[in-house]
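Trainee:
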Amino acid sequence: MRSPIVAGNWKMNKTVEEAVDFVNQIKDHLPDPSVQETVLAAPTIALVPMVKAAQGSPLKIAAENCYYKDAGAYTGETSPTTLYSANIHHVILGHSERRRLFNENDQMINLKVHAALAAGLCPIVCCDDTMGRRVAGKKVHWVVSRILADLHDLKAADVEKVTIAYEPSWAIGTGESMDPAQAEEGCYLIRQTIADMYGDEIADNVRILYGGSVNTSNINRLMASEDIDGVLAGGASLDPDTFLNLVNH
Ligand code: PEP
């Protein structure tokens, strides 16, 4: 049984003070994490004070990115082991803005996924629906090629620690969400791709979120879909009341 997740991604928004205020406003109104997990991804500088503010509550604080090395001469980057040591146990990787504005490609994201898992983090790997062909034995399958590339060479036991966020780029920040039936189709195809790589049992345990202009009007239909295990919301996560309405939809 996959437990659902409602996750927010603030991107490059909020001061440290605003971030801590937000956590204090929502932390006593969240569902029990055994029923549904709540995750909030925030700018790096706000993470440690947010973790402190969230202590004792079900809220999990996530980084929006990390590097694929643990330490060294990588000015400006954040180490996955440093995140873990600060009680930040989730990290978004491969967000479309990282791919588009900062030239991150699947190879780099794959390295980051490996490094995050090795450090003990749970990666939330974002992907769109770029299709590819995979030949397994005599069979040719249509698959979501980003999943093949981003999860390349992972151990089966690690794949279950990964959450996928299916985010069609045209739906991000545009106010135009994907029709829930189509979103379900995309998430189903991602699950099939994981099944193709790692088998049905593992694919059944991987959580797949939909992201792209999620709001309080579309969340119920999205989350009612069989292969959609939750949402990743950008704009709608910035206001505490709206985020709580998403979480307690
Ligand atoms: C996102 O940042 O991943 C996202 C989906 O943003 P929005 O909800 O604003 O479309």
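Just so you know, we're using the working numbering here: the sequence shown kicks off at 1 and counts up by one.
Note that CB positions come from ideal geometry on N, CA and C, so glycine has one too.
All values reported here derive from a predicted model rather than from experimental measurement.
Quick check: is any heavy atom of the ligand PEP less than 7 Å from the C-beta of S217?
Mentor: Checking every heavy atom of the ligand PEP against the Cβ of S217, none is found closer than 7 Å.
Trainee: Which residues in the same chain as E167 place their Cβ atom closer than 8 Å to its Cβ, once the five residues preceding and following it in sequence are excluded?
Mentor: H95, S96, C126, C127, D128, Y210, G211, G212, L232.
Trainee: Relative to the C-alpha of K14, which candidate in G137, A42, R99 has its C-alpha closest?
Mentor: It is A42 whose Cα lies nearest to the Cα of K14.
Trainee: Which stretch, first to last residue, makes up the beta strand (DSSP E) that contains L59?
Mentor: It spans 59-63 - the beta strand (DSSP E) in which L59 sits, taken as one unbroken run.
Trainee: Could you tell me the boundaries of the alpha helix (DSSP H) in which H90 lies?
Mentor: Not the alpha helix (DSSP H): H90 falls in the beta strand (DSSP E), residues 90-93.
Trainee: Which whole-angstrom value describes the C-beta separation of C122 and H152, a residue pair presumed to lie in contact below a C-beta threshold of 8 Å?
Mentor: So it is not a contact: roughly 18 Å between Cβ atoms.
Trainee: Beta carbon of L189, beta carbon of V144: below 8 Å?
Mentor: In contact: L189 and V144 (Cβ atoms closer than 8 Å).
Trainee: For M50 and chain D, any beta-carbon pair shorter than 8 Å?
Mentor: Included in the structure is just one protein chain, with no chain D present.
Trainee: For a test of the three-state rule: what should DSSP assign to A195, helix, strand or coil?
Mentor: Here A195 sits in helix by DSSP.
Trainee: Skipping 5 residues on each side, what residues in its chain have a beta carbon closer than 6 Å to that of G175?
Mentor: Cβ neighbours of G175 beyond the five flanking positions: S213.
Trainee: When every heavy atom of the ligand PEP is checked, does at least one fall within less than 7 Å of the C-beta of V214?
Mentor: Indeed, a heavy atom of the ligand PEP lies less than 7 Å from the Cβ.
Trainee: Helix, strand or coil: how does DSSP classify N110 here?
Mentor: Looking at N110 - three-state DSSP - the assignment turns out to be helix.
Trainee: When the Cα of E37 is compared with those of D241, D229, D239, N215, which residue comes out closest?
Mentor: It is D229 whose Cα lies nearest to the Cα of E37.
Trainee: Does DSSP classify Y74 as helix, strand or coil?
Mentor: If DSSP states are grouped into helix, strand and coil, Y74 belongs with coil.
Trainee: Hey, how far is the Cα of S217 from the Cα of V247?
Mentor: Cα-Cα distance, rounded: 13 Å.
Trainee: Cα separation between L30 and Q192?
Mentor: Distance between the alpha carbons of L30 and Q192: 32 Å.
Trainee: Taking the C-alpha atoms as reference points, what is the distance between M197 and P49?
Mentor: Distance between the alpha carbons of M197 and P49 is about 39 Å.
Trainee: Is R207 near T163, with beta carbons less than 8 Å apart?
Mentor: Yes, Cβ-Cβ distance for R207 and T163 is below 8 Å.
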